[in-house]
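As structure tokens, the structure follows; a few thoughts come after it.
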Amino acid sequence: MVNENLNGGAVFFIFGATGDLAKRKLFPAIFSLYRERKIGEKFAVIGLARRPKTNEQFRDDVYRSIQEFARYKKIDDVEWTAFAEHFTYMSLDINNLEGFRQLNELTQQVEARFNIAGNRLFYLALAPEHFGTVAEHLKAGGLLETDGWHRLVIEKPFGYDQHSAAVLNEEITSVFKEDEIYRIDHYLGKEMVQNIEVLRFSNALFEPLWNNKYIANVQITMSETVGVEERGAYYEKSGALRDMVQNHMLQMLTMIAMEPPSRLHPEAIRDEKVKVLRSLRRFQSREDVLKHVVRGQYTAGTKDGKAMPAYREEPGVNPASVTDTFFAAKLYVDNFRWAGVPFYIRTGKRLATKSTEVVIEFKNVPERMYFAEKNRLEPNLLVIRVNPMEGIYFKMNAKNPESNNDGQPEVIPVAVDFCQSCRVGYNTPEAYERLLYDAVRGDSTYFTRWDEVSLAWQFIDRIAEAWNEDSSDLTYYPAGSWGPEESHQLLARDGFKWWPVQGQEDDAVIWTVSGSGI
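Take 34 as the starting number for the sequence shown in this note's numbering and just add one per residue.
Structure below.
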């Protein structure tokens, strides 16, 4: 892995410093890195936005952000004073080149003050249409003329389709090299997503079984209980397909399906993820999409006795909208390891439970053998719980000690449950902390490379094109449910079912063994 010397420090440029992302994620992440001594004292943060602010006002905003959203909330006056002096604010119109020249002068002063060796990390918490302009003005304004490294961190969405993403990429790569561009997908910073790689490749138990001989299907669920809230205007342009599937869901699929990398090096790992996307079976026609994909939109419903509006009643949403708020699909990875194994994925707004998890369902023992006459044997499940609880859950079959010995024991499901979130005294780093730290160290493992983004868009575009032809396949589901019935039929046709997610376990008697860590 990357072991870059951090003694030279770095300047963090936060474009969009008055926005929600900076307040909820970036400032708390920087404070956590500071509290854990991962960035030392040789760093500076320059907040940039159009809104006029003094340094004192900006630092007050940062303080409130930390108090509300940071993992570490207790901060004494001495620590706060030492931390806050690293923050500077500048009002900047990103369309004004002269403002970037002034920013360069300010940066040189800040670097001299904190003895920073010209290392600069530019974080664009902005709409994608501004990425190219900012990149060009960073170069023209002299901000890339230092002896240190320069890195550009950009948020999703990276384009609207493959064509727009390619145009955007061309604008950025005209200024920054590919290895200087860090396309962030915060799901790749989550503890249990990163743990997939360790779980697979450090345990002799799993890797020999990780193939079509032993695995019946894979299920990836990313469910949300919230609606679109104040993001109606944005969501109308994206829907679940572009907002969640193109990035988060396909990235998680690649982590599950990838081959062992030749070495634990960022490019070797990303090479294997790209191979998965190349092997992902493309839909050939609209009929092919209709057969394998379900799109839905939530209608009015209730949850816990509280009424919830339909999507078309949300602020900023077209009353006749056909935008998808739910997506489910059956996918295939056509390679030697996974041939014939369906990957079922689903995501949606206003679902019954908030959960992100991966279920590996193993093939069952042969029918009519080994206790099957008296018992209905459940398949073994390996469940990787990503959010809100983090952990690993393994479901197997065992004898019920309370059953009568009448010649054949009663078999019941038993769960071995490791709860990462339950570990006493363990405060799991937030995703943005990991990814910011990786970016400043130059570790691109959990950032997406351009060929990953391009291949993902090529796959998504075929679905979007089929949907654009006709909206008659749009299904509906009441808010607070588990989505349209068609998503359940998608699995039932193959003899499978969606497994209940955390908080929605089935009625089987399950014993929990080891609930608080190792």
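Think of the CB as a built atom: it goes at the ideal place given N, C-alpha and C, for glycine as much as any other residue.
- Pairwise C-beta distances place the region 240-260 in contact with the region 375-389, as three or more of them are shorter than 8 Å.
- Annotation: A150 to E144 spans about 7 Å, alpha carbon to alpha carbon.
- The way I'd put it, the region 378-398 does touch the region 419-439; three or more beta-carbon pairs between them come closer than 8 Å.
- When the alpha-carbon of S235 is set against those of P294, R97, L136 and Q90, the nearest one is in P294.
- Non-local C-beta neighbours of A266 in its own chain, meaning closer than 6 Å and more than five positions away in sequence, comprise G349, ordered along the chain.
- In the three-state DSSP reduction, P241 falls in the helix class (H, G or I).
- Looking at the DSSP output, T121 shares a beta bridge with I79.
- In this structure, A512 keeps its C-beta atom at 8 Å or more from the C-beta atom of T287.
- For A273, the uninterrupted alpha helix (DSSP H) run begins and ends at G265 to A273, by DSSP.
- The beta carbon of F64 is closer than 6 Å to those of I99 and A103 in its chain, skipping five residues each way along the sequence.
- Within the same chain, Cβ atoms closer than 7 Å to the Cβ of P517 are found at V327, G329, F359, T508, Y509 and Y510, the five residues on either side in sequence being excluded.
- DSSP places H183 within a strand segment (E or B) once states are collapsed to three.
- Across the set Y426, K432 and Q441, the C-alpha of Y426 shows the shortest separation from the C-alpha of S454.
- Beta-bridge annotation (DSSP): E394 is paired with N250 and L414.
- The alpha helix (DSSP H) runs of length 4 or more contained entirely in the region 120-150 are, from start to end of the chain, 130-147.
- Proximity to T179 across F46, N137, P85 and S505 peaks at N137, based on C-alpha coordinates.
- In the structure shown, the three-state DSSP call for N420 is strand.
- For P511, the enclosing beta strand (DSSP E) stretches over residues T508 to P511.
- In chain order, H170, A173 and G174 place their CB closer than 7 Å to the CB of L130, counting only its own chain and leaving out the 5 sequence neighbours on each side.
- Boundaries of the alpha helix (DSSP H) around G165: F164 to A173.
- With contacts defined as CB atoms closer than 8 Å, N433 and I417 fail to qualify as a contacting pair.
- When DSSP states are grouped into helix, strand and coil, F360 belongs to the strand group.
- A distance below 8 Å separates the beta carbons of K71 and Y470.
- Note on geometry: alpha-carbon atoms of P241 and N413 lie some 15 Å from one another.
- In the DSSP assignment, T335 falls within the unbroken beta strand (DSSP E) covering G334 to K336.
- Proximity to G334 across F133, V259 and V186 peaks at V259, based on C-alpha coordinates.
- S354 and S487 have their C-alpha atoms spaced approximately 28 Å apart.
- The three-state reading of DSSP puts L468 in helix, counting H, G and I together.
- The bridge partners DSSP lists for M429 are V447.
- Excluding residues up to 5 positions away in sequence, L221, G222, Q227, L468 and D471 lie with their Cβ nearer than 7 Å to the Cβ of Y479 in the same chain.
- For the pair L274 and L310, the CB atoms are not nearer than the 8 Å cut-off.
- Rounded to whole angstroms, N430 and Q441 show a C-alpha spacing of 14 Å.
- For the pair E257 and K382, the CB atoms are nearer than the 8 Å cut-off.
- Taking H281 as the centre and dropping the five residues before and after it, the same chain places the C-beta of D218, Y220 and M255 closer than 7 Å to its C-beta, in chain order.
- Restricting attention to alpha helix (DSSP H) runs no shorter than 4 residues, the region 49-80 encloses them at 60-68, ordered along the chain.
- R409 counts as exposed, since fewer than 16 other C-beta atoms from the protein chains shown sit within 10 angstroms of its C-beta.
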